[in-house]
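Accompanying notes for the structure given below.
2 protein chains.
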Amino acid sequence: MAKVKQESAELRKQALRTADQLHSAAIHLLRRLRRQDSASSIGPAQLSALSVLVFAGPRTLGKLAAAEQVKPPTMSRIVAGLERSRLIEVSCDPKDARRVQIRATAKGARLLQRGRQRRIEYLAMHLESLTSDELAQLSTAAASLERVLRNWT
Amino acid sequence: MAKVKQESAELRKQALRTADQLHSAAIHLLRRLRRQDSASSIGPAQLSALSVLVFAGPRTLGKLAAAEQVKPPTMSRIVAGLERSRLIEVSCDPKDARRVQIRATAKGARLLQRGRQRRIEYLAMHLESLTSDELAQLSTAAASLERVLRNWT
DNA sequence: GTAAATTAGTTAGCATAGCTAACTATATTC
DNA sequence: GAATATAGTTAGCTATGCTAACTAATTTAC
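The following block contains the structure:
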């Protein structure tokens, strides 16, 4: 039992160290990539909401707010902005007149794909200084992290 | 020569795939951690600027703005907010009266450490579902990424 | 040694994004 | 049918980003 306890304390220390590193790396990474987003002509919140609509399909405002971890009034304004730019379309739910269904337009999907392309290519360019093995490790690590995030409470 | 070309095309494809995964994982990770920050009583930009001052030492406003990849007027307001909360102190540079030196107060350092602790422990808690090997891989990957970021143009 | 140019920050004004509180309108429950 | 619950919106606050235009100090040029 002492052995098990000791091992789990070690694991916890390792988890803390790794959490610190990941936290720092993620902050620095996104700070860099954010600059590429400024060429997108829409703000980060609109961009992120649009990405949910494009990649995960139409949603009601409430679901979209939940997906973006934002309160409904905030999403209401984000949606208003996207609609003004004709990047999304809003329609009433025929089953429940309180709900509004939100979908990306073709223009919205195009804008998103271009912006995403820019960010990804910009990052990829810098990743090419790594070896193939290091890239493979990064890929595996990203997958582990996504798995943890999916199982998040 | 054909072989080299082919290999570098492969590397580029691998870099693009990995960039996509990293981008997505970083966005999702920080979105989760941001919620812990709301207990900090100051906004994300103030928190981030404070962290530079605490971990990297005093700075002029311009240097701080550059470190945070933000324009001087923006940093000017962030600094004003931090000063109002007594988390930093601002003094004139005796050598150059245009410059202002900015340093974290003890209160600022304490607030930052507590917030950081919260985020790190929260993330670490979820990372403990991984094996020790997976954690080691994540750690190595974070280090690779930080290296890439340091050499960024 | 002074006039011009450069550099460091601030102020003003605009847009986006986050929140809570209070509201409207529609569904659901009793 | 009245009370309650749910979905969004509106109003109003703070914070964060920008550019343009300004002040003040230092450096450069002559």
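Line by line, the protein sequences are chains L and A.
Start counting at 1 in the first sequence, then tack on 1467, and there's your number in the numbering used here.
Start counting at 1 in the second sequence, then tack on 1467, and there's your number in the numbering used here.
The C-beta atom is built at its ideal place from N, Cα and C for all residues, glycine as well.
Bear in mind the structure is a predicted one, so any value in this text is a computation, not a measurement.
Which residues in chain A sit within 8 Å of residue i, going by Cβ to Cβ distance?
i: residue 1615/L; result: 1593, 1594, 1596 and 1597
Can you tell which of the options has its C-alpha closest to the C-alpha of residue i?
i: residue 1549/L; options: 1477/L, 1578/L and 1533/L; result: 1578/L
i: residue 1571/A; options: 1597/A, 1583/A, 1516/A and 1588/A; result: 1516/A
i: residue 1487/L; options: 1511/A, 1589/A and 1513/A; result: 1589/A
i: residue 1635/A; options: 1539/A, 1561/A, 1587/A and 1547/A; result: Because residue 1635/A is not part of the residues shown, which for chain A are 1468 to 1620, the question remains open.
i: residue 1532/L; options: 1480/L, 1567/L and 1602/L; result: 1567/L
i: residue 1597/A; options: 1495/L, 1558/L, 1594/L and 1610/L; result: 1610/L
i: residue 1554/L; options: 1538/L, 1539/L and 1573/L; result: 1573/L
i: residue 1482/L; options: 1612/A, 1619/A, 1595/A and 1536/A; result: 1595/A
i: residue 1521/A; options: 1492/A, 1581/A and 1506/A; result: 1581/A
i: residue 1544/A; options: 1524/A, 1523/A and 1512/A; result: 1512/A
i: residue 1508/L; options: 1551/L, 1603/L and 1593/L; result: 1551/L
i: residue 1602/L; options: 1485/A, 1510/A, 1569/A and 1591/A; result: 1485/A
Run through chain L and tell me which residues come within less than 8 Å of residue i, C-beta to C-beta.
i: residue 1494/A; result: 1497 and 1515
i: residue 1478/A; result: 1595, 1599 and 1602
Could you tell me whether any Cβ in chain L is nearer than 8 Å to the Cβ of residue i?
i: residue 1587/A; result: yes
i: residue 1504/A; result: no
i: residue 1590/A; result: yes
Less than 8 Å between the CB atoms is what I'm expecting for residue i and residue j, so what's the real figure, rounded?
i: residue 1616/A; j: residue 1608/L; result: Not a contact, Cβ separation roughly 15 Å.
i: residue 1503/L; j: residue 1585/L; result: 5 Å
i: residue 1499/L; j: residue 1619/A; result: 6 Å
i: residue 1613/L; j: residue 1495/A; result: 7 Å
i: residue 1546/L; j: residue 1557/L; result: 7 Å
i: residue 1493/L; j: residue 1506/A; result: Not confirmed; about 19 Å, so no contact.
Could you work out which residues of chain L lie near residue i, taking near to mean beta carbons separated by less than 9 Å?
i: residue 1606/A; result: 1481, 1484, 1485, 1488, 1489 and 1608
Show which residues of chain A have a CB atom less than 7 Å away from the CB atom of residue i.
i: residue 1601/L; result: 1611
With a threshold of 8 Å between beta carbons, is residue i in contact with chain A?
i: residue 1500/L; result: yes
i: residue 1549/L; result: no
i: residue 1554/L; result: no
Compile a chain-ordered list of the residues in the region 1560 to 1580 of chain L whose CB is closer than 8 Å to at least one CB of chain A. Contacts with chain A (Cβ-Cβ distance below 8 Å) from the region 1560 to 1580 of chain L involve no residue at all.
Below 7 Å between beta carbons is the criterion; list the residues of the region 1528 to 1546 of chain L that meet it against any residue of chain A, in chain order. Listed by position along the chain: 1536.
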